[in-house]
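Down below is the structure, laid out as structure tokens.
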Amino acid sequence: MSRPKITKGKTGIGNFGLGVMPDGTSDTLRVLIKPDGFHFVPSDFDDVVLPRIVFDTPDGSKYDLSFNDDGELLINGNKLATSTNQSDETIGGNKTHTGLMKLEGGLQLSSNNKTYQVSVDEDGNLKANEVIE
């Protein structure tokens, strides 16, 4: 069901609330707002387009949420990049981590042409072994 085209639409305000007449007759008055709340149907939003939504924080900061042409979520125009927790994942770019970080399963560091497996023993000593592939 889609919203009827408003050709000679009228609005009405009375003791019933706020209503609209999509086809312009008093017989088709549909009340949208009553004292008990809003009374919309899904078709009322068929042609709603929201290019972005802006949220205000209590301290007055604004955050703009939108999507790019690839359907990726943008926050203040920047693509949201999160870890997907998938195996064999590569995350590019520079990252800054704050707080405690735990690496389970080990740590590998790479130089220009070698990779090293870093481990720590029970006394807290670090050891780096070259990984031969």
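Numbered according to my numbering, the sequence shown spans residues 301 to 433.
Where a beta carbon is used, it is the ideal one built from N, C-alpha and C, also for glycine.
The structure displayed is predicted, hence computed values, not measured ones.
{"Asked": "Candidates 423, 422, 413, 364, of which the one nearest residue 432 by Cα", "Found": "413"}
{"Asked": "Nearest-angstrom Cβ-Cβ length linking residue 428 and residue 418, presumed shorter than 8 angstroms", "Found": "5 angstroms"}
{"Asked": "Whole-number beta carbon distance between residue 349 and residue 364, since they are thought to touch under 8 angstroms", "Found": "About 16 angstroms separates the two Cβ atoms, so there is no contact after all."}
{"Asked": "Helix, strand or coil at residue 345 according to DSSP, with G and I counted as helix", "Found": "helix"}
{"Asked": "Anticipated Cβ contact below 8 angstroms, residue 389 with residue 379, distance rounded", "Found": "16 angstroms between Cβ atoms; not a contact."}
{"Asked": "Endpoints, beta strand (DSSP E) assigned at residue 355", "Found": "353-356"}
{"Asked": "Residue 430, enclosing beta strand (DSSP E) - first and last residue", "Found": "426-430"}
{"Asked": "Run of the beta strand (DSSP E) containing residue 375, from where it starts to where it stops", "Found": "373-375"}
{"Asked": "Extent of the continuous beta strand (DSSP E) run through residue 365", "Found": "362-367"}
{"Asked": "Simplified DSSP assignment, three categories, for residue 350", "Found": "coil"}
{"Asked": "Same chain only: Cβ atoms within 6 angstroms of residue 387, ignoring 5 sequence neighbours per side", "Found": "none"}
{"Asked": "Beta-ladder partner(s) of residue 337, from DSSP", "Found": "334"}
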